[in-house]
Amino acid sequence: MASGRVDLDGNPINPMTICMIGAGGFIGSHLCEKLLAETPHTILAVDVYNDKIKHLLEPSGGGATSSWADRIQFHRLNIKNDSRLEGLIKMADLTVNLAAICTPADYNTRPLDTIYSNFIDALPVVKYCSENGKRLIHFSTCEVYGKTIGCFLPKDSPLRQDPEYFVLKEDASPCIFGPIDKQRWSYACAKQLIERLIYAEGAENGLEFTIVRPFNWIGPRMDFIPGIDGPSEGVPRVLACFSNNLLRREPLKLVDGGESQRTFVYIKDAIEAVLLMIENPARANSHIFNVGNPNNEVTVRQLAEMMTQVYTKVSGESPIESPTIDVSSKEFYGEGYDDSDKRIPDMTIINRQLGWNPKTSLWDLLESTLTYQHRTYAEAVKKATSKPLAS
Ligand SMILES: NC(=O)c1ccc[n+]([C@@H]2O[C@H](COP(=O)([O-])OP(=O)(O)OC[C@H]3O[C@@H](n4cnc5c(N)ncnc54)[C@H](O)[C@@H]3O)[C@@H](O)[C@H]2O)c1
1 MASGRVDLDG NPINPMTICM IGAGGFIGSH LCEKLLAETP HTILAVDVYN
51 DKIKHLLEPS GGGATSSWAD RIQFHRLNIK NDSRLEGLIK MADLTVNLAA
101 ICTPADYNTR PLDTIYSNFI DALPVVKYCS ENGKRLIHFS TCEVYGKTIG
151 CFLPKDSPLR QDPEYFVLKE DASPCIFGPI DKQRWSYACA KQLIERLIYA
201 EGAENGLEFT IVRPFNWIGP RMDFIPGIDG PSEGVPRVLA CFSNNLLRRE
251 PLKLVDGGES QRTFVYIKDA IEAVLLMIEN PARANSHIFN VGNPNNEVTV
301 RQLAEMMTQV YTKVSGESPI ESPTIDVSSK EFYGEGYDDS DKRIPDMTII
351 NRQLGWNPKT SLWDLLESTL TYQHRTYAEA VKKATSKPLA S
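For the sequence shown, UniProt numbering assigns the number 1 to the initial residue and increments by one for each residue that follows.
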């Protein structure tokens, strides 16, 4: 049955069933919302947690006129050891695998868990898709590129300014990681190996696949604010770390001077790209896609400064006297930490295949995210302080 929607080539899009593994996380929650709001597709949502998609599972989800809950089914299972996984993949037309340990603070402190999660646990998903003739969209990472070629050139080399030495291309750039004792690369290396396995399954066994390499997608619901909507201990990714510091009026910690350069893309822009991949298999299959915003490049120090300005605007609070402090990576992340110097995605392939371009400026995406976090924090504090005192 056609849905009235058409793909980029004008062909009707039939409603499909999507097995989304890791649906309860940051990206999964936005992808579920988008699919339910704008498409007729059905979701088999697999995760160990569902806090971020609870609002979609309730019968009232989608507003008074249309309940979304009948098009999303939550399956609480750990893909490490649950025999129900293959059945769910078989029931679906497409599997989207988002499940992973993907927080930098874990890569050098929990390297075994990181490698198991990103390689070993993803293996059965690839195998079941390949054996059952099912399409797979697998989430990898821009970290597979590792360091740029440019960072090995002398500091004063004019070639450092040449994009050939730093812009990251899916079909041309090498993957450059540090030595084995720099355990930070456990994540990137595991993701690279699963990419190679998926690619080989495509080449040798005809698996229909798409690989996504996100470049720092950020927005509401990313990670957790320690002690508010997540554990008190633990170090989330940079956006949540800085937000946490701003909400608690603490200085933002800049690791090794905050010199690393990153490009940030708004989650809602990035999800548009994923929806195009889902609904345009003929254009997306057998491709690896960078999904990022090359126009939103800043150093981590500049990100901290901009977040401080945006937070001042959305909260009405003046900044603290020393808004940032420097810490070493060893102090912040422990032994074995290392980092990519710069991450700028080449957009040629995604432009050509899917005509996708990001829209949202860094300032606007930070404003939307910090407004959300400021509100969530205020509500949590209000709830905590209005609890009756224990007698
Ligand atoms: N957010 C980004 O900018 C970014 C950047 C690079 C790569 N990625 C990749 O995108 C994917 C999703 O990232 P995210 O930001 O939504 O992360 P996230 O941590 O918010 O979501 C991952 C989800 O997977 C679930 N999960 C993990 N292991 C599982 C298991 N064994 N069984 C069932 N569920 C399990 C977690 O509970 C979580 O809800 C990951 O593969 C990540 O490596 C994201």
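For glycine and all other residues, C-beta sits at the position ideal for the given N, C-alpha and C.
Since this is a predicted model, take the numbers as computed values, not measurements.
Distances from the CA of T39 to each of Q353, I278, I349 and L362 were compared; the closest alpha carbon is that of I278. Under the three-state reduction of DSSP, Y337 is assigned to coil, being neither helix nor strand.
Nearest in C-alpha terms to T376, of all of K34, L247, G234 and C32, is L247. The beta carbon of V167 is closer than 6 Å to those of I344 and D346 in its chain, skipping five residues each way along the sequence.
Shown here for S315: same chain residues with a beta carbon closer than 6 Å to its own, the five before and five after excluded, namely H374 in chain order. CA-CA distance, C129 to G206, rounds to 11 Å. Residue pairing of K342 in beta bridges, as defined by DSSP: Q261.
The three-state secondary structure of R283, taken from DSSP, is helix. Assigned with DSSP and collapsed to three states, T103 falls in coil, not helix or strand. Checking the 7 Å criterion, the Cβ of W185 is out of range of every heavy atom belonging to ligand 1. DSSP lists no bridge partner for C241.
For K52, the CB contacts under 8 Å within the same chain, skipping 5 residues up- and downstream, are G24, G25, F26, G28, S29 and R221 in chain order.
In the assembly as shown, N357 is an exposed residue. Its beta-carbon has fewer than 16 other beta-carbons within 10 Å. Relative to ligand 1, even the nearest heavy atom lies 7 Å or more away from the CB of N296. Secondary structure note for I349: its alpha helix (DSSP H) is the uninterrupted segment T348 to L354.
Listed in chain order, the non-local C-beta contacts of I176 below 6 Å within the same chain comprise G146 and K147, local neighbours out to five positions each way being set aside.
Distance from the CA of K191 to the CA of K134, rounded to the nearest whole angstrom, comes to 21 Å. Contact check for T324 against R237 fails: the beta carbons are separated by 8 Å or more.
Look at P226 here: in three-state DSSP terms it is strand. Taken atom to atom, the span from the alpha-carbon of V144 to that of G258 is near 21 Å. With distances taken between CA atoms, G202 lies nearest to E131 out of A380, P214, E131 and S260. For E164, same chain residues with a beta-carbon under 6 Å away, outside a window of 5 residues either side, do not exist.
Taken in chain order, the whole beta strand (DSSP E) runs of length 3 or more contained in the region 36-102 are 42-47, 72-76 and 94-97. No Cβ-Cβ contact shorter than 8 Å links A282 with I350. DSSP, reduced to helix, strand and coil, places L207 outside both helices and strands of the structure shown, so it counts as coil. Set against 7 Å, the gap from the CB of V46 to the closest heavy atom of ligand 1 is smaller. Three or more Cβ pairs drawn from the region 208-215 and the region 286-300 lie within less than 8 Å of each other, which places the two stretches in contact.
Between the region 41-48 and the region 146-162 there are fewer than three inter-stretch CB-CB distances shorter than 8 Å, so the stretches are not counted as touching.
Look at N293 here: in three-state DSSP terms it is coil, with no helix or strand label. L370 and S243 do touch by the CB rule: their CB atoms are close to 7 Å apart, below 8 Å. With a cutoff of 8 Å on beta-carbon distance, N296 and T348 are scored as not near each other. The three-state secondary structure of M277, taken from DSSP, is helix. The beta carbon of I27 sits closer than 7 Å to at least one heavy atom of ligand 1.
In this structure, the C-beta of A188 stays at least 7 Å away from each heavy atom of ligand 1. Look at T369 here: in three-state DSSP terms it is helix.
The beta carbons of L56 and I79 sit no closer together than 8 Å.
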